[in-house]
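Undergrad: Under our numbering, residues 4 to 241 are what the sequence shown spells out, in order.
No residue lacks a Cβ here, since even glycine has one placed at the ideal position from N, Cα and C.
Computed from a prediction, not measured in an experiment: that's the story for all the values here.
Dumping the structure here so I can ask a few things about it.
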Amino acid sequence: MTSKQTIIGRVAQLAKANINALIDQAEDPQKMLDQLIRDYTNNIREAEDAVSTTIGNLRMLEQDHREDVDAAAEWGAKALAASKKADELRRSGDAAEADTFDNLAKVALQRQLQSEREAREAEPTIATQTEVVDKLKSGLTQMKEKLIQLQSKRDQLIARSKTAQAQNQMMDAAKNINVLDPTSELNRFEEKVRREEAKAVGKQELAASSLDAQFEKLDSLGDSAEIEARLAALKSPA
């Protein structure tokens, strides 16, 4: 089996692979996905090289085929021209020169036959190479789609794993907190908050009592002034 056939077979096998089934069967899905991604990446690279080489060979074959077809047409035209010239010379009575041009026509026809034969012989090879290129291109496209699917699956798996780890850490932390335990972190934090709230209430009451005292002092000063005024009125002569 040639290297090219091996690549075609490998591409076809990988392109048809059931990724979900492989993941379900794997003991370590992430490790398996990482390996599959490496395999697909390497095989895609090899397949791309094979496609490039095969396409290059096919284009050369097609170019040679076109040249053979063009050459056959050109030799046919030369044979026709030589034959017509021979007919003209023969009508004019120059039989010897006419034979020379007929011989040239035969040589041109021989070249035409050879070019046509080479063109026909190349056609099956071109058809085969075209089929190979089509298969490789199709398989390569499917492999690239599979690779995208693999990478997406891997990203999803990693995201799920991180989410599960975070949930487990949260549950482990929650297990260490007993709301009924007065020494627990939650209760200590709640007690601290209560003390801060009580302190704020105390400050408010202190501020309020201080303000009331100032107003009472102001009221007492007002009464003293009124009393002095009335006393002065009593003492003044009528």
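What distance in whole Å lies between the Cβ atoms of Ile-129 and Leu-64, which are believed to be in contact at a cut-off of 8 Å?
TA: 5 Å
Undergrad: Use the C-beta contact count for Ala-108: other C-beta atoms within 10 angstroms, 16 or more gives buried, fewer gives exposed.
TA: Buried, by the Cβ-count rule.
Undergrad: In or out: Ser-118 buried (at least 16 other Cβ within 10 Å) or exposed?
TA: buried
Undergrad: By how many angstroms is the C-alpha of Val-136 removed from the C-alpha of Ile-58?
TA: If you draw a straight line from the Cα of Ile-58 to the Cα of Val-136, it is about 6 Å long.
Undergrad: Tell me the rounded alpha-carbon separation between Arg-114 and Arg-94.
TA: Spanning the two alpha carbons is a distance of roughly 27 Å.
Undergrad: Taking only beta-carbon positions, decide if Ala-235 is within less than 7 Å of chain D.
TA: Absent from the structure is chain D; it holds one protein chain and no more.
Undergrad: Within 10 angstroms of the Cβ of Lys-149, are there 16 or more other Cβ atoms? Answer buried if so, exposed if not.
TA: buried
Undergrad: Assuming Ala-76 contacts Leu-139 under a Cβ cut-off of 8 Å, what Cβ separation, rounded to an integer in Å, is found between them?
TA: No, Ala-76 and Leu-139 are not in contact; Cβ-Cβ is about 33 Å, not under 8 Å.
Undergrad: Which same chain residues end up closer than 8 Å to Glu-126 when comparing Cβ atoms and leaving out the 5 residues on each side of it in sequence?
TA: Taking C-beta separations shorter than 8 Å and ignoring five residues to either side along the sequence, the partners of Glu-126 in its chain run His-68, following chain order.
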